[in-house]
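Each protein sequence line maps, in turn, to chains R and X. Letter by letter, the first sequence follows residues 101 to 292 in this note's numbering. Letter by letter, the second sequence follows residues 4 to 86 in this note's numbering. Just so it is clear, CB atoms sit at the ideal spot from N, CA and C, and this is done for glycine as well.
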Amino acid sequence: MGTDHASDEALLRRAGEGDCHAFEALVRRHGGSLRRFAAGLVGNGEADDALQQGLVAAYRGAASFRGQARARTWLFTVVRNAALRHRRREARHAHDEEPDEDALLPLGLAAGWGADPEKLAVRAQVRARLERALASLAETDREVLMLRDVEGLAGPEAAAVLGLELPALKSRLHRARLRLAGALRAEEDDDA
Amino acid sequence: MREVGGIRCDMVLAVLSDYLDGDLDAATRERVEAHVAGCPECERFGAGFGAMVRSLARKDEGLDEARVQKLAAVLRHEGESKA
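Okay, structure coming up:
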């Protein structure tokens, strides 16, 4: 049975029935996004291990997929859980789940609002600078930016992966974007 | 901080992501656009902010074949263990 034109959901159901090739097709389709997301959580050096653990867990658990969410959403959720478990094992970072109530105005000012905003777009075009700024953010900011803006998941999809309601997801995303803009400004200052 | 188009700068800042993501209702969207048209600071910041968000997108960068093959071998082994 071919895999090229099968939907993600059909492939995941076949994987649940033990079809390894169907799961491999999902890995080819989404592995790049999933690895980048894992790297955002555990760092590039640990991303392959975290991805492998996540995909093994997903393959083992594929039979439990009931289609309540899109298969891609489910895969991101399983890989996220594996990456967070991996990181706890590595115990390299403190767990950061503080509620995000930072006022928008200071975040906006730090992001260059009302100062030298025209430089923001130019800074963002330098990929390495953008990657460094992204890496400097807290995990909660980084993962929401990775899901929504880097990998292009829709709001409801990203909210489901992170276990948030949509309004909370939007609020977190907006603050994360402002902090990223602030981090880009800091990169500029460091380069100066 | 000023009011242009019936909306203040800080209110535009608060809804900038919703604006970019197309999540504003038509009336609020029109007010934001009227504000931005008359407020150079918000216009410049909004343009830079939007460009930054768009520049994050990564498309069509799949996993390299060596990683796919390594994962496939692990999964095949996992499948044999399950069987």
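Simplified DSSP state of residue i, which is helix, strand or coil
i                      : result
residue 315 of chain R : One cannot answer for residue 315 of chain R here, as it falls past the ends of chain R, which runs 101 to 292.
residue 265 of chain R : coil
residue 7 of chain X   : strand
residue 226 of chain R : coil
residue 117 of chain R : coil
residue 42 of chain X  : coil
residue 48 of chain X  : helix
residue 31 of chain X  : helix
residue 80 of chain X  : helix
residue 236 of chain R : coil
residue 241 of chain R : helix
residue 165 of chain R : coil
residue 194 of chain R : Because the pLDDT at residue 194 of chain R is just 48, under 50, the model does not fix this residue reliably, and the point stays unresolved.
residue 283 of chain R : helix
From the options, residue whose alpha carbon lies closest to that of residue i
i                      : options                       : result
residue 209 of chain R : R:282, R:268, R:267 and R:142 : R:282
residue 164 of chain R : R:286, R:113 and R:170        : R:113
residue 228 of chain R : R:152, R:212, R:134 and R:287 : R:287
residue 271 of chain R : X:5, X:26 and X:8             : X:26
residue 50 of chain X  : R:212, R:126 and R:142        : R:212
residue 186 of chain R : R:166, R:117 and R:139        : R:139
residue 105 of chain R : R:126, R:244 and R:118        : R:126
residue 232 of chain R : R:103, R:144, R:102 and R:262 : R:144
residue 245 of chain R : R:131, R:137 and R:107        : R:137
residue 156 of chain R : R:167, R:120 and R:269        : R:120
residue 70 of chain X  : R:131, R:241 and R:115        : R:131
Whole-angstrom distance between residue j and residue i, CA atom to CA atom
i                      : j                      : result
residue 32 of chain X  : residue 15 of chain X  : 10 Å
residue 178 of chain R : residue 158 of chain R : 6 Å
residue 189 of chain R : residue 150 of chain R : 11 Å
residue 4 of chain X   : residue 274 of chain R : 20 Å
residue 109 of chain R : residue 170 of chain R : 7 Å
residue 82 of chain X  : residue 13 of chain X  : 56 Å
residue 141 of chain R : residue 230 of chain R : 16 Å
residue 64 of chain X  : residue 267 of chain R : 30 Å
residue 84 of chain X  : residue 52 of chain X  : 50 Å
residue 68 of chain X  : residue 161 of chain R : 24 Å
residue 24 of chain X  : residue 255 of chain R : 9 Å
residue 11 of chain X  : residue 278 of chain R : 18 Å
residue 226 of chain R : residue 285 of chain R : 13 Å
residue 111 of chain R : residue 79 of chain X  : 16 Å
residue 118 of chain R : residue 102 of chain R : 15 Å
Cβ-Cβ distance between residue i and residue j below 9 Å
i                      : j                      : result
residue 183 of chain R : residue 154 of chain R : yes
residue 258 of chain R : residue 248 of chain R : yes
residue 147 of chain R : residue 128 of chain R : no
residue 253 of chain R : residue 180 of chain R : no
residue 207 of chain R : residue 55 of chain X  : no
residue 203 of chain R : residue 237 of chain R : no
residue 35 of chain X  : residue 22 of chain X  : yes
residue 77 of chain X  : residue 152 of chain R : yes
residue 59 of chain X  : residue 234 of chain R : yes
residue 87 of chain X  : residue 250 of chain R : What the structure shows of chain X is the stretch from 4 to 86, and residue 87 of chain X is not part of that stretch, so it cannot be assessed.
residue 40 of chain X  : residue 46 of chain X  : yes
residue 75 of chain X  : residue 124 of chain R : yes
residue 243 of chain R : residue 262 of chain R : yes
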